[in-house]
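For the sequence shown, the positions run 1 to 196 when full-length UniProt numbering is used.
The C-beta atom is built at its ideal place from N, Cα and C for all residues, glycine as well.
Quick caveat, the model's predicted, so the values are computed rather than measured.
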Amino acid sequence: MSAVAGPSTKPVTITYCAVCTLPTEYCEFGPSVSKCKAHLQETDKEEYERVWGDSTLASRIGTLSLEKQEKLEADAAKLEKKAEKKAEQEAAKKQATKIIIKRSERTKRKQQTHIQNLELFGIELKAAAKLFASRFATGSSVSKNPQGQDEIVVQGDVGDEIVEMIRQQKGVLKGAPVDQIERVVVKKKKEPEPEA
């Protein structure tokens with residue numbers, strides 16, 4: 001019995017857009033069509049011609065009616081405005097957010113340093129906690145605070161050294177804004193002594 005030879009399958013290489021992270025064929029459905037077009041035209045002219053070239057656009061327009069074409073363009077413009085507004089809001093939030101370095105007491109002489117909002121500036125918390133642990137030779141971990149946000153907890157009063165590391169942009173702390181650091185000292189409330 002002879003084996004029937006079917007069509008051979010070859011792996012297909014897919015080009016992904018660096019702007020919207022979708023395959024280049026789907027950029028038109030993403031939130032930033034014009035940015036995707038401009039980036040693709042600069043980086044990969046062949047792919048740009050394949051996806052956005054005149055022959056491709058002519059075949060697409062031939063299949064669409066005029067009303068559908070106008071509606072698609074309006075929807076794309078609306079999505080782009082929405083994406084730009086979202087990016088502006090994120091930038092404004094980033095500008096308003098401060099890195100909070102808080103010192104608190106655990107027990108009699110024991111201190112903890114809490115670092116909040118580092119993840120908003122693109123810093124990976126686990127890597128930063130590992131950097132602090134190796135730098136200060138103390139325990140350092142990522143945990144959730146009572147508000148439900150992730151923070152780095154370092155054993156000991158190392159707030160000044162952490163501020164200095166951020167100023168020097170050491171290791172994974174590159175990109176942390178130096179001018180947006182806020183120091184906070186939390187004092188533990190003393191329990192009232194029972195009267196005899």
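Discussion item. What does the Cβ neighbour count give for residue 113, buried or exposed, with the cut at 16 atoms within 10 Å?
Written reply: Here the question's residue 113 lines up with position 113 in the sequence shown. Classification of residue 113: buried, given that the 10 Å Cβ count is 16 or more.
Item to complete: Return helix, strand or coil for residue 43, following the three-state DSSP convention.
Response: Counting from 1 along the sequence shown, the entry for residue 43 is found at position 43. Helix at residue 43.
Fill in: residue 81 in three-state terms, based on DSSP
On the sequence shown, position 81 is the one that residue 81 refers to. Helix at residue 81.
Item to complete: Taking only the alpha-carbon atoms, compute the straight-line gap between residue 110 and residue 26 and give it to the nearest angstrom.
Response: For the purposes of this step, residue 110 is identified with residue 110 of the sequence shown, where counting begins at 1. For the purposes of this step, residue 26 is identified with residue 26 of the sequence shown, where counting begins at 1. Spanning the two alpha carbons is a distance of roughly 56 Å.
Practice prompt. In the DSSP assignment, find the beta strand (DSSP E) that holds residue 185 and state where it starts and stops.
Written response: Taking the sequence shown and counting its residues from 1, one reaches residue 185 at position 185. Note, residue 185: beta strand (DSSP E), 181-186.
Fill in: Supposed contact pair residue 139 and residue 155 - C-beta distance, whole angstroms, cut 8 Å
Here residue 155 refers to the residue found at position 155 when the sequence shown is read from its first residue. Here residue 139 refers to the residue found at position 139 when the sequence shown is read from its first residue. Residue 155 to residue 139, Cβ: 4 Å. Contact.
Worksheet item: Exposed or buried, residue 29, counting other C-beta atoms within 10 Å across all chains shown (16 or more means buried)?
Response: Here the question's residue 29 lines up with position 29 in the sequence shown. Answer is exposed; the Cβ neighbour count stays below 16.
Discussion item. Quick check on the DSSP output: the beta strand (DSSP E) that includes residue 103 runs from which residue to which?
Written reply: Numbered from its first residue, the sequence shown carries residue 103 at position 103. That run of the beta strand (DSSP E) goes 99-105.
Worksheet item: To the nearest whole angstrom, what separates the beta carbons of residue 185 and residue 103, a pair I think is in contact under 8 Å?
Response: Counted from its first residue, the sequence shown places residue 185 at position 185. Counted from its first residue, the sequence shown places residue 103 at position 103. At roughly 5 Å, the Cβ-Cβ gap stays under 8 Å, so residue 185 and residue 103 are in contact.
Practice prompt. Would you decide whether residue 31 is buried or exposed? Buried here means 16 or more other CB atoms lie within 10 Å of its CB.
Written response: Translated into the one-based positions of the sequence shown, residue 31 becomes position 31. Its Cβ being crowded by 16 or more others within 10 Å, residue 31 is buried.
Worksheet item: What's the call for residue 166, buried or exposed, on a 16-neighbour Cβ count within 10 Å?
Response: As a first step, residue 166 is located in the sequence shown; it is residue number 166 there, counting from the start. Residue 166 comes out buried.
Worksheet item: When the Cα atoms are used, what is the spatial distance from residue 22 to residue 89?
Response: Counting from one through the sequence shown, the residue named residue 22 turns up at place 22. Counting from one through the sequence shown, the residue named residue 89 turns up at place 89. Cα to Cα, the separation comes out at about 23 Å.
Fill in: Residue burial classification, residue 214 (beta-carbon count within 10 angstroms, cutoff 16)
The structure shown does not extend to residue 214, since the chain is modelled only from 1 through 196, so no value can be given for it.
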